[in-house]
Amino acid sequence: MLKFTAQLTTLVLLLFTGVFSLSAQDAAADAEPSAAAIYNDALGKVKEKAYEEALPLFEEAIAKADSTDDTGKKVISLAGRNGAVCAYRAGTTARKAGEMEKALDYHDRGVKLNGEYFGNHLGKAQTLEDMEGKAAEA
Numbered sequence: 058m059l060k061f062t063a064q065l066t067t068l069v070l071l072l073f074t075g076v077f078s079l080s081a082q083d084a085a086a087d088a089e090p091s092a093a094a095i096y097n098d099a100l101g102k103v104k105e106k107a108y109e110e111a112l113p114l115f116e117e118a119i120a121k122a123d124s125t126d127d128t129g130k131k132v133i134s135l136a137g138r139n140g141a142v143c144a145y146r147a148g149t150t151a152r153k154a155g156e157m158e159k160a161l162d163y164h165d166r167g168v169k170l171n172g173e174y175f176g177n178h179l180g181k182a183q184t185l186e187d188m189e190g191k192a193a194e195a
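Sequential numbering from 58 applies to the sequence shown in this note's numbering.
Below, the structure written as structure tokens:
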């Protein structure tokens, strides 16, 4: 009888633990991702060289970050710098593909994220120069 009671207690504890874990997972799944989590997702996209997908994630991380909190300040700073580089790469890719308006948009977004990063200023100038060259050829 004692063995049966111990097994029953163990079973009840396992069931309770399982139900509690599932409830915690459901609650976590319902919660919106933090600014830091979004920033990390953006970095994952950069590692995959999916710059067009990463850029809006960097922008979202900045928008969601709390500028009064140390973690939020760090996310804003890092996402601004890395987002600007990402915008430059997306813009350069678009320019090389002949998508000039798209390239200009990416470079403008990069300047907005971090105006001190020269790459987007250079990329915008290159795009405008390419557009002038194509207009002169026509």
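Built from N, CA and C at the ideal position, the CB exists for glycine as well.
Quantities reported herein were computed from a predicted structural model and do not represent experimental measurements.
Using only alpha-carbon positions, find the residue among the options that is nearest to residue i.
i, options, result
"Asp187", "Gly155, Lys169, Leu170 and Ser91", "Gly155"
"Ala94", "Glu158, Tyr174, Phe115 and Leu179", "Phe115"
"Tyr145", "Ser134, Lys181, Glu110 and Ser91", "Lys181"
"Cys143", "Glu194, Ala107, Lys131 and Ile133", "Ala107"
"Asp162", "Ile119, Ala99, Pro90 and Leu112", "Leu112"
"Lys131", "Arg152, Lys153, His178 and Tyr96", "Tyr96"
"Gly176", "Thr149, Ala192, Lys153 and Met157", "Thr149"
"Met157", "Ala192, Asp98 and Glu110", "Ala192"
Mind checking residue i: buried by the 16 CB within 10 Å criterion, or exposed?
i, result
"Gly101", "exposed"
"Lys121", "buried"
Since residue i and residue j should fall inside the 8 Å C-beta cutoff, what is the C-beta to C-beta distance between them, to a whole number of angstroms?
i, j, result
"Ala160", "Thr184", "5 Å"
"Leu170", "Gly190", "About 28 Å; that fails the 8 Å criterion."
Taking the C-alpha atoms as reference points, what is the distance between residue i and residue j?
i, j, result
"Glu105", "Ala92", "20 Å"
"Ser124", "Arg138", "16 Å"
"Ser134", "Ala118", "10 Å"
"Glu173", "Pro90", "29 Å"
"Gly167", "His178", "9 Å"
"Gly129", "Ala88", "18 Å"
"Asp127", "Val103", "24 Å"
Among residues of its own chain, excluding the 5 on either side of residue i, which ones have a beta-carbon nearer than 8 Å to its beta-carbon?
i, result
"Glu194", "none"
"Arg152", "Ala160, Gly180, Gln183, Thr184 and Asp187"
Could you name the residues of the same chain whose beta carbon sits closer than 6 Å to that of residue i, not counting the 5 residues immediately before and after it, in chain order?
i, result
"Ala136", "Tyr96, Phe115, Ala118 and Ile119"
"Ser80", "Note that Ser80 has pLDDT 38, beneath the 50 cutoff, so the model's placement of it is unreliable and the number below is only indicative. Counting only Cβ-Cβ distances below 6 Å, and skipping sequence neighbours, we find nothing."
"Ala11", "Shown here, the chain extends from 58 to 195; a query on residue 11 therefore has no answer."
"Glu109", "Ala147"
"His164", "Gly148, Asn177, Gly180 and Lys181"
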